[in-house]
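Just so we're aligned: the sequence shown equals residues 171 to 429 in this note's numbering. Glycine included, every Cβ here is placed at the ideal spot set by N, Cα and C.
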Amino acid sequence: MHIQKIELIPIRYKVEPNVGLSSLANVIAKYAKAGDIAVVSSKVVSYCEGGLVKLADIKPSNRALRLSKQYKIPPELAELIVREADDILGGIERFILTLKFGMLCPNAGIDTSNVPEGYAILYPENPQKSADTLRNLVERRIDGRVGVVISDSRILPLRRGVCGIAIATSGFEAIKDERGKPDLFGKPLRNTMRNLADMLASASQLLMGEANEMIPIVIVRGLNVRFTEEKFRLTVDPKKCLYWGSLNGKVCWSDKSKP
């Protein structure tokens, strides 16, 4: 039986704000080959696209001031969360739990780490469009098929520490449906779908780190995946989610207009 091996190649890159995705594609194309998958931090994508925000320029609303007091976060950050979140669900000290792009996100994906003092970085405005654009730019430069994952770090329910998660993908089969396939004892799998994108994001996070590693890009080489133009939904309807469905009605609120 052939045992598949993959290689993870870290790329150091100090990004400058507002340089555009072409600059990022140039860096990836120096290292990528046809058949590779580039895992790219959402933060560096947003940097390139102009997602860096000066907090002093943000005027907090009354709602943001209430959230700031309740969860002990800076009022300017609270205002950004109100603007960026698709829904606000609750929170704990220093964190507000939100929905963003169909995902549960602390602080609507906004981060103040690894950015200059007094600034915050937003999620890319349209991660799917960013992933598609970046992939097309890289493919033209190397004259071959590649995949792209835009990744972020995330905490999981009742788990300590962060791991990687994909917020958008392009160019490959990101979700592999295993339903109907036999298990070790010949029984058909009923529910299993493998999220290859999240697996790649977590593997790449081992090299990216969370501090001053300055590795926002990891090239994944040797993975046997199907390259395709098909789009894959990475999220699930909340009503079909094990966590959300089990806790339905027990969250603090699900109306963005509150408190």
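Counting along the chain, D257 sits inside the beta strand (DSSP E) bounded by residues D257 to I262. Where I325 is concerned, the enclosing beta strand (DSSP E) starts and stops at G317 to I325. E383 sits exposed, since fewer than 16 C-beta atoms from the chains shown fall within 10 Å of its C-beta.
The residues G317, V395 and F397, in chain order, have a CB closer than 6 angstroms to that of F342 in the same chain once the five nearest residues on each side in sequence are set aside. Residue pairing by DSSP places T339 opposite V319 in a beta bridge.
Per DSSP, the unbroken beta strand (DSSP E) holding M273 starts and ends at M273 to P276. A199 and V210 have their alpha carbons spaced roughly 13 angstroms apart. Using a 10 angstroms sphere on the CB of D347, the tally of other CB atoms stays under 16, which defines it as exposed.
The alpha-carbon of G205 is positioned some 25 angstroms away from that of S323. Proximity to L191 across E399, R311 and S374 peaks at R311, based on C-alpha coordinates.
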